[in-house]
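Visitor: Here my numbering is used: the first residue of the sequence shown is 4, the next is one more, and so on. From the three backbone atoms N, C-alpha and C, an ideal C-beta is built for every residue, glycine too. Nothing here was measured: the structure is a model prediction, and the numbers come from that model.
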Amino acid sequence: NTWSSFSPQRLQLHVIVTQSGPVIGEFVCQLMPLLSSCLQPDRDPEMRMNIFTMLAKLLLDATNTLDSKGHFRDESEKFLSDVLLPNLVWRAGRTAAAIRTSALSCLLALLHGGAVTPGQLLCLEDKVTPCVLSALEEDSEMSRLFACRSLSALLRLIGTNLHPEALNKIYPMLLKRLDDSSEEVRGVALRAVGLWLSCLTEDYNPEVWASHLQVLFQQLLLHLDDPDGSVQDQVLEILKSGSSVHPALLRKETEGVRDQQRSPLYCDQLLQHLSLLPAERPQYCE
């Protein structure tokens, strides 16, 4: 079709879709081809942004809107691969950046709204994760925030099913965001690092991947000396929660930086916690 943002048909579609409530879920099979056509990367940019914004609101409450009959879930994998991901690919220009932000908001709503299953996400993880990791480098603070939150949602949904190599591609990008210019992005990224640690199952051999854990512990210990006391508290809890992954390594790294920090208080609390752990082979997070 030749719709643009100002086309009467596009405006009519917006009214019908947003005002239909659960009824729209009965017509997903007719709606999705139309949306797919309107959201292709070569279509009117403003129209795409408007539609992504509309979909984000609906997908946050998917069970009462688009997925009220369970039909959208049948289409969600195709929607993710053929519609959302192409719009997350980096292109130059402010307009392209704004479209990526709106597409990220839609992805986040899809992940939070329950209209995509963990199985569907696992099938597309190797395509979804690189796009989200790339978005962590966006100039837009909102895009970085959406990307951090999307990674957190992905970790909650499929983190324990990811291969160690897939997990090891995620944490370095999250660590970079701990130095973000936005305090909100820093906070979300820090919580995502905690989620990452909680996703390490017995398939994640701490001896095999010790170099990755060492980098992670070293970076978190740097932030254990953050000027912001609330950040220090959060980092301490994350390190305590994840300490059973490789307590010997964490103890060694903590002892190595204790005397370099402004105050040894937090390191001492962490070392006290580590001393209470069983002195046996490293345990794993469930």
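Pairing CB atoms from the stretch 177-189 with CB atoms from the stretch 203-210, are three or more of them under 8 Å?
Guide: With a cut-off of 8 Å, the stretch 203-210 and the stretch 177-189 do not count as touching, because too few Cβ pairs lie within range.
Visitor: Name the two residues that bound the continuous alpha helix (DSSP H) containing residue 270.
Guide: Note, residue 270: alpha helix (DSSP H), 268-278.
Visitor: Once DSSP output is grouped into helix, strand and coil, what is the label at residue 123?
Guide: Correct three-state label for residue 123: helix.
Visitor: Our contact map puts residue 202 next to residue 239 with C-beta atoms below 8 Å; I'd like the distance itself, whole angstroms only.
Guide: Wrong, their Cβ atoms sit about 20 Å apart, outside the cutoff.
Visitor: Does residue 14 pass the burial test, meaning 16 or more other C-beta atoms within 10 Å, or should it be called exposed?
Guide: Its Cβ having fewer than 16 others within 10 Å, residue 14 is exposed.
Visitor: Can you check whether the CB of residue 103 is closer than 8 Å to the CB of residue 156?
Guide: For residue 156 and residue 103, no; Cβs fall outside 8 Å.
Visitor: My assumption, with CB atoms under 8 Å, is that residue 62 sits in contact with residue 118. Please give the rounded CB distance.
Guide: Yes, residue 62 and residue 118 are in contact; Cβ-Cβ is about 6 Å, under 8 Å.
Visitor: Once DSSP output is grouped into helix, strand and coil, what is the label at residue 166?
Guide: Looking at residue 166 - three-state DSSP - the assignment turns out to be coil, as it is neither helix nor strand.
Visitor: Any heavy atom of the ligand MN inside 7 Å of the beta-carbon of residue 222?
Guide: The model on display carries no ligand, and the ligand MN is accordingly not part of it.
Visitor: Just how far apart, CA to CA, sit residue 67 and residue 248?
Guide: Using only the alpha carbons, I get a separation of about 41 Å.
Visitor: For residue 143, which residues of its own chain have a beta-carbon under 7 Å away from its beta-carbon, when the five flanking residues on both sides are left out?
Guide: Only 100, 104 meet the Cβ criterion.
Visitor: Are residue 110 and residue 153 touching if we call contact CB-CB under 8 Å?
Guide: Yes. Within cutoff.
Visitor: When DSSP labels each residue in this structure, what does residue 190 get in the three-state scheme?
Guide: Residue state, collapsed to three classes: helix.
Visitor: Tell me the DSSP secondary structure of residue 281 in three-state form.
Guide: Note: residue 281 maps to coil in three-state DSSP.
Visitor: Residues in its own chain within less than 8 Å of residue 226 by CB, not counting five upstream and five downstream?
Guide: Here the set comprises 181, 193, 234, 235, 238.
Visitor: Of the residues 253, 39, 121, 177, which one's Cα is nearest the Cα of residue 163?
Guide: When only C-alpha atoms are compared, the closest one is 121.
Visitor: If we ignore side chains and look at the alpha-carbon of each, how far apart do residue 129 and residue 221 end up?
Guide: Using only the alpha carbons, I get a separation of about 28 Å.
Visitor: Residue 50 and residue 7 look like a contact to me (Cβ under 8 Å); what is the Cβ gap, rounded to whole Å?
Guide: Between residue 7 and residue 50 the Cβ distance is about 6 Å, and since that is below 8 Å, they are a contact.
Visitor: What's the C-alpha gap between residue 141 and residue 131?
Guide: The alpha-carbon atoms of residue 141 and residue 131 are separated by roughly 16 Å.
Visitor: Please state if the CB of residue 253 and the CB of residue 242 are separated by a distance shorter than 8 Å.
Guide: In contact: residue 242 and residue 253 (Cβ atoms closer than 8 Å).
Visitor: Roughly how far, in whole angstroms, is the beta-carbon of residue 260 from the beta-carbon of residue 219, given that I think they are within contact range, below 8 Å?
Guide: So it is not a contact: roughly 14 Å between Cβ atoms.
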